[in-house]
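Structure first, then comments.
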Amino acid sequence: MNAQNVDAPSAYFLAEVSNEIETHTLSLLVDNEPGVLARVIGLFSGRGYNIDSLTVSETEHEKHLSRITIVTTGTPMIIEQIRHQLDRLVPVHRVTDLTVRARRANQDKPLERELALIKVVGDGDKRLEALRLGDAFRATVIDATTDHFVFEITGRTSKIEQFIAIMKPLGLVEVSRTGVAAVQRGPEGL
Amino acid sequence: MSRPPGALVLSLFDIPKDVQFATGTYQGPTPNPAAAHKSYRPQVKGDAASIRKAAEMMAAAKRPVLYTGGGVINSGPQACQLLRELVQLTGFPITSTLMGLGAYPASGENWLGMLGMHGTYEANMAMHDCDLMVCIGARFDDRITGRTDAFSPNSRKIHIDIDPSSINKTINVDLPIIGDVGHVLEDLVRIWRSSSLKSGEAAAKSWHAQIDAWRARNSLAYKPNQDIIMPQYAVQRLYELTKHRKTYISTEVGQHQMWAAQFYGFEEPNRWLTSGGLGTMGYGLPAAIGAQAAHRDALCIDIAGDASILMNIQEMSTAVQFGLPVKVFILNNQYMGMVRQWQQLLHGNRLSHSYTDSLPDFVKLADAYGGVGLRVDKPHDLDDAIEEMIAVDKPVLFDCRVANLANCFPMIPSGKAHNEMLLPDEANDEAVANAISAEGKSLV
Ligand SMILES: Cc1ncc(C[n+]2csc(CCOP(=O)(O)OP(=O)(O)O)c2C)c(N)n1
Numbered sequence: 079m080n081a082q083n084v085d086a087p088s089a090y091f092l093a094e095v096s097n098e099i100e101t102h103t104l105s106l107l108v109d110n111e112p113g114v115l116a117r118v119i120g121l122f123s124g125r126g127y128n129i130d131s132l133t134v135s136e137t138e139h140e141k142h143l144s145r146i147t148i149v150t151t152g153t154p155m156i157i158e159q160i161r162h163q164l165d166r167l168v169p170v171h172r173v174t175d176l177t178v179r180a181r182r183a184n185q186d187k188p189l190e191r192e193l194a195l196i197k198v199v200g201d202g203d204k205r206l207e208a209l210r211l212g213d214a215f216r217a218t219v220i221d222a223t224t225d226h227f228v229f230e231i232t233g234r235t236s237k238i239e240q241f242i243a244i245m246k247p248l249g250l251v252e253v254s255r256t257g258v259a260a261v262q263r264g265p266e267g268l
Numbered sequence: 004m005s006r007p008p009g010a011l012v013l014s015l016f017d018i019p020k021d022v023q024f025a026t027g028t029y030q031g032p033t034p035n036p037a038a039a040h041k042s043y044r045p046q047v048k049g050d051a052a053s054i055r056k057a058a059e060m061m062a063a064a065k066r067p068v069l070y071t072g073g074g075v076i077n078s079g080p081q082a083c084q085l086l087r088e089l090v091q092l093t094g095f096p097i098t099s100t101l102m103g104l105g106a107y108p109a110s111g112e113n114w115l116g117m118l119g120m121h122g123t124y125e126a127n128m129a130m131h132d133c134d135l136m137v138c139i140g141a142r143f144d145d146r147i148t149g150r151t152d153a154f155s156p157n158s159r160k161i162h163i164d165i166d167p168s169s170i171n172k173t174i175n176v177d178l179p180i181i182g183d184v185g186h187v188l189e190d191l192v193r194i195w196r197s198s199s200l201k202s203g204e205a206a207a208k209s210w211h212a213q214i215d216a217w218r219a220r221n222s223l224a225y226k227p228n229q230d231i232i233m234p235q236y237a238v239q240r241l242y243e244l245t246k247h248r249k250t251y252i253s254t255e256v257g258q259h260q261m262w263a264a265q266f267y268g269f270e271e272p273n274r275w276l277t278s279g280g281l282g283t284m285g286y287g288l289p290a291a292i293g294a295q296a297a298h299r300d301a302l303c304i305d306i307a308g309d310a311s312i313l314m315n316i317q318e319m320s321t322a323v324q325f326g327l328p329v330k331v332f333i334l335n336n337q338y339m340g341m342v343r344q345w346q347q348l349l350h351g352n353r354l355s356h357s358y359t360d361s362l363p364d365f366v367k368l369a370d371a372y373g374g375v376g377l378r379v380d381k382p383h384d385l386d387d388a389i390e391e392m393i394a395v396d397k398p399v400l401f402d403c404r405v406a407n408l409a410n411c412f413p414m415i416p417s418g419k420a421h422n423e424m425l426l427p428d429e430a431n432d433e434a435v436a437n438a439i440s441a442e443g444k445s446l447v
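Line by line, the protein sequences give chains A and B. In case it helps, my numbering puts the first sequence at residues 79 to 268. In case it helps, my numbering puts the second sequence at residues 4 to 447.
Take a look at the structure:
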């Protein structure tokens, strides 16, 4: 009987609470000042919320605003709480749940991309196979010797996961990932 | 955790020396809204459709209760006025948290008393058995809910709050309304009036009859005593002798705070200053001084415990220096009473560090500060002494010697539900009186 999601224009129209664990992508606009990231992360660790991925960079230089993208998991109720708790932090200007927004626009997901640098060491058939698969995944080789490649790959998290899994038996030695950057589809801004 | 050896310095603020010596032009806060805070834009108007829905749910309710909190008072006098109007219109019974006392008058017909851990039986039972709970500016704190999985199991819940993060935090609600209490109540009252909504009369009758039956349990009762001042009696007398004046009451933290909340009747908002969930012993004296500085003509009383008052006793200097005649009404039981009560009820009466044998002489202490000290230990001297305290135009430390081992009842023991309250007539008095054996006394 409990309705939820106070974000909606009128809450009581909403569906029943689901207790399923979901993954959501949140976008935060924050003042780019010392300690902001620590406060955001501190809120997650202090309350035992999950962070699956986190990216941050200044996006509006004149206003000194940074955009933080956080991928988190929890029940819809917990994700609502996270969103509102983040919104209470003084240097946080806006918190947008891109996953909820996408759903409301009848889209599957927001646009999400990640970049990874992947080092693979090997020779012979394995080396050839790595190169061939790199091609198939549209990864570019940005560094190489006769012993190794460094691939640069961009795409959805699932694609990157898959590529890393495939590279494992082919001599994977190192992975560096940026975490997810995300925007909503369509002409609208945040 | 490890840190390098050496002193640990904690400071909230460091103003560099060169900044301290620099000169500049002072610019006060601007009332210009554009210059107001960039990232804080609370929603003050509630959603109209939700408020309408709330009104409908209220009209349909058979066993409604209003559960109000400090948010009503923070919203302002207008919000309190509207709350009173809403009660008048709907006839709903109303209870409040510690922080909300005074928003609705204690003498009001629909008043159930405070709810929660030391709230009245009727307030807690109404919360437990209601079919509609309207929470206004309160946050379902653990002192209110008791065991959350047994909290008001059969009710639909409306929650009006300005802070979206309060919604569904500990208790799931059916209809959240985000907004300032004053704005939301204004709309709610208007809708109720314009749609000529009415609460169901027949249902209201049986609900109020049920509440009266609970009230008849007289859950605040205590055993009167001719020889020893009961702390509840002391607060009752203080109330009777000050209620006709413009009085501000502050408290410290402990049993005295709960007795003040239970036995001092607040008719107006903002007359009650207590630290609530922050649980700050030492709060009461500075708070009373602040109230006195703002209201020179008022009677400002800190209802204190003997332990709490020592936390900020140096502020007596402030009161004397600035000519602020605050009154500190110490319910002196020689114990950190609330700690002792918990040790008794929850730790098999293994009392530890809750008794003070060497309290200062509060009368001499007052004198030392340049204030006035009064001491009473007999019930029949109490009224005169209180009158004297009021008449003195100086800061007063009033050492009211009360029964040492009185417990604060009723009580929802931690981890229990609202309908599992411990009532005073069930809490065996003999057990309480003999709580400490001679052997135990030498240990504390
Ligand atoms: C600064 C601070 N320290 C400790 C506590 C924990 N505490 C809560 S009540 C209490 C005892 C208060 O004793 P007293 O002031 O004598 O009041 P009584 O309960 O006897 O009325 C203590 C230690 C607190 N709330 N605040």
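Here a beta-carbon is modelled for each residue, glycine too, at the ideal position from N, C-alpha and C. This structure is a prediction, so every number in the text was calculated from the model and none was measured.
* Just the chain A side, please: which residues come within less than 8 Å of Ser-168 of chain B by C-beta, in chain order? => Near Ser-168 of chain B (Cβ distances below 8 Å), the residues of chain A are Gln-159, His-162, Gln-163, Asp-165 and Arg-166.
* Asked: Is the CB of Pro-265 of chain A under 8 Å away from at least one CB in chain B?
  -> Not closer than 8 Å to any Cβ of chain B, the Cβ of Pro-265 of chain A fails to qualify, so no.
* Asked: When DSSP builds the beta bridges, which residues end up paired with Asp-402 of chain B?
  -> Asp-402 of chain B is bridged by DSSP to B:Ile-333 and B:Arg-378.
* To do: Express the C-alpha separation of Leu-191 of chain B and Arg-55 of chain B in angstroms, rounding to a whole number.
  => Using only the alpha carbons, I get a separation of about 7 Å.
* With DSSP as the reference, label Ala-217 of chain A as helix, strand or coil. => Residue state, collapsed to three classes: coil.
* Asked: Going by Cα to Cα distance, which pick from B:Asp-134, B:Glu-59 and B:Ser-222 is closest to Ser-198 of chain B?
  -> For the residues B:Asp-134, B:Glu-59 and B:Ser-222, the minimum Cα distance to Ser-198 of chain B belongs to B:Glu-59.
* Below 6 Å CB to CB, which residues in the same chain sit around Asp-138 of chain B once its five sequence neighbours on both sides are set aside? => According to the sequence shown, residue 138 of chain B is Cys rather than Asp. These residues qualify, in order along the chain: Tyr-70 and His-162.
* To do: Return the residues of the region 168-186 of chain B that lie within a Cβ-Cβ distance of less than 9 Å from chain A, sorted by chain order.
  => Residues Ser-168, Ser-169, Ile-170, Asn-171, Lys-172, Asn-175, Val-176, Asp-177, Leu-178, Pro-179, Ile-180 and Ile-181.
* To do: Check the Cβ-Cβ distances between Lys-479 of chain B and every residue of chain A, and say whether any is below 8 Å.
  => Residue 479 of chain B lies beyond the stretch modelled for chain B, which goes from 4 to 447, so this question has no answer here.
* To do: Take the Cβ of Ile-306 of chain B as the centre, count every other Cβ of all protein chains shown within 10 Å, and call the residue buried at 16 or more, exposed below.
  => By the neighbour-count rule (16 or more Cβ atoms within 10 Å), Ile-306 of chain B is buried.
* Any heavy atom of ligand 1 closer than 7 Å to the CB of Thr-283 of chain B? -> Indeed, a heavy atom of ligand 1 lies less than 7 Å from the Cβ.
* Asked: If you drop the 5 nearest sequence neighbours on each side, which residues of the same chain put their C-beta closer than 7 Å to that of Ile-312 of chain B?
  -> Setting aside the 5 residues that flank it on each side, Ile-312 of chain B is surrounded in the same chain by Glu-255, Leu-288, Val-331 and Ile-333, each with a C-beta closer than 7 Å to its C-beta; the list follows chain order.
* Please classify His-298 of chain B: does DSSP put it in a helix, a strand, or coil? => Three-state DSSP puts His-298 of chain B in coil, outside helix and strand.
* **N-terminal and C-terminal residue of the alpha helix (DSSP H) that Thr-150 of chain A is part of** => That residue, Thr-150 of chain A, is in no alpha helix (DSSP H); its beta strand (DSSP E) goes 143-152.
* **Length-filtered (3 minimum) beta strand (DSSP E) runs lying within the region 121-206 of chain B** => Those beta strand (DSSP E) runs which fall completely within the region 121-206 of chain B and span 3+ residues are 135-139, 159-164 and 178-181.
* In chain B, which residues lie less than 8 Å from Pro-327 of chain A when you measure between Cβ atoms? -> Absent from the model: residue 327 of chain A. The displayed extent of chain A is 79 to 268, so no value can be given.
* **Where the beta strand (DSSP E) containing Thr-137 of chain A begins and where it ends** => Thr-137 of chain A -> beta strand (DSSP E) spans 131-138.
* Asked: Comparing the CB of Gln-229 of chain B with every heavy atom of ligand 1, is any distance shorter than 7 Å?
  -> No, Cβ of Gln-229 of chain B sits at least 7 Å from all heavy atoms of ligand 1.
* **Exposed unless 16 or more other CB atoms sit within 10 angstroms - verdict on Ile-220 of chain A** => Note on Ile-220 of chain A: under 16 other CB atoms within 10 angstroms of its CB, so exposed under the neighbour-count rule.
* Would you report the Cα separation of Gln-337 of chain B and Arg-343 of chain B, rounded to the nearest angstrom? -> A straight line joining the alpha-carbon of Gln-337 of chain B with that of Arg-343 of chain B spans about 10 Å.
* Neighbourhood of Ser-158 of chain B by C-beta, 7 Å cutoff - its chain only, sequence neighbours within 5 removed -> Answer for Ser-158 of chain B: Cys-133, Asp-134, Leu-135 and Met-136, listed in chain order.
* Asked: With distances taken between CB atoms, is the gap from Met-392 of chain B to Gly-279 of chain B smaller than 8 Å?
  -> Contact: no.
* To do: Compare the beta carbon distance of Pro-67 of chain B and Ile-232 of chain B with 8 Å and say whether it is the shorter of the two.
  => It is not a contact, given that the beta carbons lie outside the stated cut-off.
* Keeping to the same chain, check which residues put their C-beta closer than 7 Å to that of Arg-242 of chain B; ignore five residues upstream and five downstream. => In the sequence under discussion, the amino acid at residue 242 of chain B is Tyr, which differs from the Arg named in the question. Taken in chain order, the residues that qualify are Phe-266, Tyr-267 and Gly-268.
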